[in-house]
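Colleague: Residue numbers (this note's numbering), protein chains in the order written: chain U, 58 to 331; chain B, 24 to 224.
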């Protein structure tokens with residue numbers, strides 16, 4: 058009997074002693090933590106996507122509670138999360154600037170020429186390592202093997218007719234696809250953005266025309282007609298400065314190739330009325 | 024003193040915990056992708072091994088041996104090491120926050136690492152060099168053994184992290200990318216440490 062009782066008692070008392078020691082230590086060495094940071098981490102989506110500019114959801118929560126970071130930076134969480142954070146922090150809720158991804162290429166299977174037939178792994182990052190950076194004649198264009206849709210957590214990206222198409226309603230603007238695109242064609246913009254240039258080619262206009270019928274030819278008509286100088290032609294394609302753009306739609310109306318496209322419905326209506 | 028140096032050299036090189044005895048392979052493979060994290064892990068392991076050597080030696084000497092329950096070693100040591108790591112973590116968080124954030128996640132990770140238990144068990148099972156009547160390592164020998172086993176772990180993981188950082192930018196066949204090539208390089212590193220085999224001090 059003592060053979061069992063004795064060791065059990067000995068081990069039990071060692072365990073009890075250590076337990077008490079830890080309990081006392083946790084009181085003595087307790088570090089004051091900001092309860093608000095934990096509460097904010099609770100309401101954040103927990104995707105750790107990094108679109109707020111911090112290392113993850115908990116880092117963002119800590120930044121809000123201690124460094125006074127803006128409460129409206131969580132794009133996937135949207136207005137709902139911003140309101141919840143505002144309630145925790147006791148401040149007035151600010152409007153969330155919702156973001157979404159856009160694909161800056163228009164060249165689908167019909168409009169963009171191929172230089173060879175690719176029959177390898179269906180992955181842009183593999184295809185891009187081949188001669189000429191993939192099968193498309195235009196070496197800047199979307200390859201359409203869906204590396205972006207593979208990483209999308211919201212299933213917002215589909216490949217239609219050989220080009221990535223984003224469902225702006227589903228897109229949370231986390232930026233995973235931006236990182237996955239080997240051609241750097243995907244950009245994260247504010248959802249309020251009115252117009253985007255659907256071409257990223259750096260080829261000269263004449264070369265461009267031979268490869269793709271919907272590419273920017275760098276004619277600078279948009280640049281000349283923009284009332285606020287928000288659109289400029291850089292590296293042979295038009296680029297919009299979204300900070301300056303007022304969304305008037307003149308560039309889209311004047312573009313001879315019709316590659317400046319309205320992003321959302323509101324803008325589409327403006328364009329139609331013009 | 025020469026005996027202590029002998030113990031240290033043995034557990035760093037000849038009986039290297041990772042590359043010769045194959046203890047603690049999990050953190051060795053898991054935390055060796057970057058040189059600085061590998062160094063952090065190595066430091067945390069060295070720290071815990073040294074402290075664990077002291078605590079488990081005291082437990083063996085003053086609890087297990089007098090009560091004649093040495094067969095409870097494994098359980099007792101695991102409990103002590105786990106409690107010790109928890110305690111050290113709380114202490115560091117309060118007193119030395121910079122060291123706490125440097126060791127970060129690695130400290131709780133190594134609570135139940137077999138390498139730490141391994142060094143504690145070896146300490147109470149290896150015959151002492153300094154004091155032949157003691158039966159097993161004396162306190163000072165245990166401390167030296169624990170510390171140098173940790174240094175040996177750090178040496179192995181830092182060397183391996185250096186190799187893996189180079190591998191990142193090398194042209195590796197598709198089927199070998201990631202863990203396969205890491206395991207192959209680890210085995211080559213282990214073969215290199217075989218060069219120390221048989222040396223005695």
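We put the beta carbon where it would ideally sit given N, CA and C, even for glycine.
Using the Cα positions of residue 89 (chain B) and residue 129 (chain B), report the straight-line distance between them to the nearest angstrom.
Modeller: Here residue 89 (chain B) refers to the residue found at position 66 of the second chain. Here residue 129 (chain B) refers to the residue found at position 106 of the second chain. Using only the alpha carbons, I get a separation of about 35 Å.
Colleague: Between B:52, B:86, B:140, which has its C-alpha nearest residue 69 (chain U)'s C-alpha?
Modeller: In the first chain, counting from the first residue as 1, residue 69 (chain U) sits at position 12. When each option's Cα is compared against that of residue 69 (chain U), the closest is B:86.
Colleague: Let's see if you can read the secondary structure: which residues bound the alpha helix (DSSP H) around residue 267 (chain U)?
Modeller: On the first chain, residue 267 (chain U) is found 210 positions in, with the first residue counted as 1. Counting along the chain, the alpha helix (DSSP H) containing residue 267 (chain U) begins and ends at 262 to 268.
Colleague: Assuming residue 142 (chain B) contacts residue 209 (chain B) under a Cβ cut-off of 8 Å, what Cβ separation, rounded to an integer in Å, is found between them?
Modeller: As a working mapping, residue 142 (chain B) is identified with position 119 in the second chain. As a working mapping, residue 209 (chain B) is identified with position 186 in the second chain. About 20 Å; that fails the 8 Å criterion.
Colleague: Under the rule that 16 or more other beta-carbon atoms within 10 Å means buried, what is residue 50 (chain B), buried or exposed?
Modeller: Your numbering for residue 50 (chain B) matches position 27 in the second chain. The residue in question, residue 50 (chain B), is buried, as its Cβ has 16 or more Cβ neighbours within 10 Å.
Colleague: Identify whether residue 171 (chain U) lies in helix, strand or coil by the three-state DSSP scheme.
Modeller: Taking the first chain and counting its residues from 1, one reaches residue 171 (chain U) at position 114. Here residue 171 (chain U) sits in strand by DSSP.
Colleague: Along the region 115 to 142 of chain B, what residues have a CB closer than 7 Å to any CB found in chain U?
Modeller: Within the region 115 to 142 of chain B, the residues whose Cβ lies closer than 7 Å to some Cβ of chain U are 116, 117, listed in chain order.
Colleague: Please list, in chain order, the chain U residues whose beta carbon lies closer than 9 Å to that of residue 102 (chain B).
Modeller: The residue given as residue 102 (chain B) occupies position 79 in the second chain. Per Cβ cutoff of 9 Å: 68, 71, 72, 75.
Colleague: Would you mind working out which of B:107, B:178, B:73, B:164 sits nearest residue 28 (chain B), comparing C-alpha positions?
Modeller: The sequence position of residue 28 (chain B) within the second chain is 5, counting from 1. Answer by Cα proximity: B:164.
Colleague: List the residues that DSSP assigns as beta-bridge partners of residue 217 (chain U).
Modeller: Here residue 217 (chain U) refers to the residue found at position 160 of the first chain. Partner(s): U:220.
Colleague: Does any CB atom of chain U fall closer than 8 Å to the CB of residue 66 (chain B)?
Modeller: Here residue 66 (chain B) is taken as the residue at index 43 of the second chain, counted from 1. No, its Cβ sits nowhere closer than 8 Å to a Cβ of chain U.
Colleague: Tell me the DSSP secondary structure of residue 279 (chain U) in three-state form.
Modeller: Reading the first chain from its first residue, position 222 is the one you call residue 279 (chain U). Helix at residue 279 (chain U).
Colleague: Listed in chain order, which residues of the region 76 to 109 of chain U have Cβ atoms closer than 9 Å to some Cβ of chain B?
Modeller: If the cut-off is 9 Å between Cβ atoms, the region 76 to 109 of chain U has 76, 78, 79, 82, 83, 85, 86, 87, 88 near chain B.
Colleague: Hey, how far is the Cα of residue 130 (chain U) from the Cα of residue 93 (chain U)?
Modeller: Taking the first residue of the first chain as position 1, residue 130 (chain U) is located at position 73. Taking the first residue of the first chain as position 1, residue 93 (chain U) is located at position 36. The alpha-carbon atoms of residue 130 (chain U) and residue 93 (chain U) are separated by roughly 17 Å.
Colleague: Under three-state DSSP, which class holds residue 290 (chain U)?
Modeller: As a position in the first chain, residue 290 (chain U) is number 233, starting the count at 1. Residue 290 (chain U) falls in the strand class under three-state DSSP.
Colleague: How about the region 87 to 106 of chain U and the region 130 to 141 of chain U: do they share at least three Cβ pairs that are nearer than 8 Å?
Modeller: The region 87 to 106 of chain U is in contact with the region 130 to 141 of chain U.
Colleague: My guess is that residue 77 (chain B) and residue 166 (chain B) are in contact by the Cβ rule of under 8 Å, so how many angstroms apart are they, rounded?
Modeller: Position 54 of the second chain holds residue 77 (chain B). Position 143 of the second chain holds residue 166 (chain B). Confirmed, Cβ separation roughly 6 Å.
Colleague: Is there a C-beta anywhere in chain A that falls below 8 Å from the one on residue 64 (chain U)?
Modeller: Here the protein chains are U and B, and chain A is not one of them.
Colleague: Mapping DSSP to helix, strand and coil, what is residue 252 (chain U)?
Modeller: Here residue 252 (chain U) is taken as the residue at index 195 of the first chain, counted from 1. Strand at residue 252 (chain U).
Colleague: Relative to the C-alpha of residue 310 (chain U), which residue among U:193, U:170, U:283 is closest?
Modeller: Taking the first chain and counting its residues from 1, one reaches residue 310 (chain U) at position 253. The shortest Cα separation from residue 310 (chain U) among U:193, U:170, U:283 belongs to U:283.
Colleague: Round the Cβ separation of residue 220 (chain U) and residue 164 (chain U) to the nearest angstrom and send it over; I've been treating them as touching at under 8 Å.
Modeller: As a working mapping, residue 220 (chain U) is identified with position 163 in the first chain. As a working mapping, residue 164 (chain U) is identified with position 107 in the first chain. Contact flag correct, Cβ pair sits at about 7 Å.
Colleague: According to DSSP, residue 244 (chain U) sits in a beta bridge with which residue or residues?
Modeller: Working through the first chain from its first residue, we reach residue 244 (chain U) at position 187. Answer is U:159, bridged to residue 244 (chain U).
Colleague: Can you tell which of U:137, U:90, U:240, U:122 has its C-alpha closest to the C-alpha of residue 197 (chain U)?
Modeller: As a first step, residue 197 (chain U) is located in the first chain; it is residue number 140 there, counting from the start. For residue 197 (chain U), the nearest C-alpha among the options comes from U:240.
Colleague: For a contact meaning CB atoms closer than 8 Å, what does residue 95 (chain B) contact in chain U?
Modeller: Position 72 of the second chain, counting from 1, holds the residue named residue 95 (chain B). Those within 8 Å of residue 95 (chain B) in chain U are 64, 67, 68.
Colleague: Pull the bridge partners of residue 297 (chain U) from the DSSP assignment, please.
Modeller: In the first chain, counting from the first residue as 1, residue 297 (chain U) sits at position 240. In DSSP, residue 297 (chain U) forms a bridge with U:288.
Colleague: Hey, would you say residue 269 (chain U) sits closer than 8 Å to residue 139 (chain U), going by beta carbons?
Modeller: Numbered from its first residue, the first chain carries residue 269 (chain U) at position 212. Numbered from its first residue, the first chain carries residue 139 (chain U) at position 82. In this structure, residue 139 (chain U) does not lie closer than 8 Å to residue 269 (chain U) by Cβ.
Colleague: Measuring straight from C-alpha to C-alpha, what distance separates residue 179 (chain U) and residue 218 (chain U)?
Modeller: Stepping through the first chain from its first residue, residue 179 (chain U) is reached at position 122. Stepping through the first chain from its first residue, residue 218 (chain U) is reached at position 161. One C-alpha to the other measures close to 15 Å.
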